[in-house]
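Scroll down for the structure; my scribbles are underneath it.
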Amino acid sequence: MHLRSLDIASSLGVHRSCAAARHILPTVDSVCTANAVLRELGDNRPPIVILTGAGISAESGLMTFRGNGGLWEGHRVEDVATPEAFMRNPELVHRFYNERRSRLQAADVEPNAAHMALAMLESRWPTSVTVITQNVDNLHERGGSANVIHMHGELMKIRHADTGEVRHWQVDCDATTLDGRWRPHIVWFGEAILEPEIITETLRAAGLFLCIGTAGQVYPAAGFVHETVGASVEFNIEPTAITAAFGHSLHGPAAATLPGFVEALMMAAG
Ligand code: OAD
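Right, dumping it as structure tokens:
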């Protein structure tokens, strides 16, 4: 597997609508999909790996990146999410992440039913459950998940530009913070993702891959579905650039589709 630096797909795959898109009731679809996955698993209860993106946090009140009203509509990636942007205009880059950090701590931003369902799955599934998230928010942890890999960094941390030291950080950060050499602990475009070896091992060991709320447009995450064997399910409100690569798709808000799916899996796990 080639774990490259962060890269936006230059050409998008063909969207394929799937049978599960014809949903009548989200919970009915969720249970049917879980049962189909359980039939594929047979008596096995393999390690589960879950890739999450901005969509899982949308119902918690955090903006996604793409699409109408998304973060990249109001900001150019080249201005706020590259090392060059930070060298050129650190004030603007810090302001962008300070706003995100502050929003994440707002009283109305809470983990939603999808985050909670994943935490429940981790506590009940007989083998390991690992969340690999592209999200820099902390809603998985606040929802109760313990086994979380933040491949694109974390908003609530800052990193020293020279030593690489990472610190928890709750307030604004700028060019005057501490010794003035601190940056957001965020993986910018052109930089290497975090924890590549652990991610490769986790994907290889998994027998069920769930992908929740990501547009499938940023690599290497968008290619993870090709690195796993076994059953795979995509959860999204609409077909994405990578839908065709999944065995199953559940279309609807993750907070509506995921709890029923997880509940059905857990019942099978005993
Ligand atoms: P995007 O904003 O590109 O995509 C969000 C996806 O979530 C879309 O496919 C939506 O259809 C879907 N979605 C929205 N609401 C949903 C809901 N309630 N339930 C389920 N799905 C929903 O976000 P990502 O794919 O996460 O990187 O973006 C990947 C990376 O690109 C981000 O980590 C960020 C960005 O540039 C960095 O900034 C380092």
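One rule links them: number in our numbering = place in the sequence shown (from 1) + 74.
Don't be surprised by glycine CBs; every beta carbon is placed ideally from N, CA and C.
| Query | Result |
| --- | --- |
| beta-carbon H226 near the ligand OAD non-hydrogen atom, thresh 7 Å | yes |
| Host beta strand (DSSP E) of F309 (start-end) | 305 to 310 |
| Rounded C-alpha distance that separates V299 from V205 | 14 Å |
| Contact test: T156 Cβ vs the ligand OAD heavy atom, cutoff 7 Å | no |
| Closer than 7 Å: A328 CB and nearest the ligand OAD heavy atom | yes |
| Where the beta strand (DSSP E) through H234 begins and ends | 227 to 234 |
| Candidates D103, S306, G135, of which the one nearest A180 by Cα | G135 |
| Heavy atom of the ligand OAD within 7 Å of R140 beta-carbon | yes |
| Distance cut-off 7 Å: E173 Cβ against heavy atoms of the ligand OAD | no |
| DSSP bridge partner residues for L339 (one or two, in chain order) | For L339, which the question treats as bridged, DSSP gives no partner whatsoever. |
| Extent of the continuous alpha helix (DSSP H) run through L136 | Premise fails: L136 is in no alpha helix (DSSP H) and is neither H nor E. |
| V203 - containing beta strand (DSSP E), residue span | 203 to 207 |
| Spatial neighbours of N142 in its chain, beta-carbon cut-off 8 Å, leaving aside the 5 residues before and after | none |
| Heavy atom of the ligand OAD within 7 Å of N310 beta-carbon | yes |
| Integer-rounded CB distance, given that L268 should sit under 8 Å from H224 | 6 Å |
| N209 beta carbon less than 8 Å from that of A128 | yes |
| DSSP bridge partner residues for E331 (one or two, in chain order) | Position check: residue 331 holds Thr in this sequence, whereas Glu was assumed. Note: T331 sits in no beta bridge, so no partner. |
| Neighbourhood of G290 by C-beta distance below 6 Å, restricted to the same chain and skipping five residues each side | A296, T314, A315, I316 |
| Cβ-Cβ distance between V123 and F283 below 8 Å | yes |
| Secondary structure of W146, DSSP reduced to three states | helix |
| Proximal residues to A191 (C-beta, below 6 Å), its chain only, five neighbours per side dropped | L332, P333, V336 |
| Counted within 10 angstroms of its Cβ, other Cβ atoms place G254 as buried (16 or more) or exposed | exposed |
| Terminal residues of the alpha helix (DSSP H) in which T276 lies | 270 to 279 |
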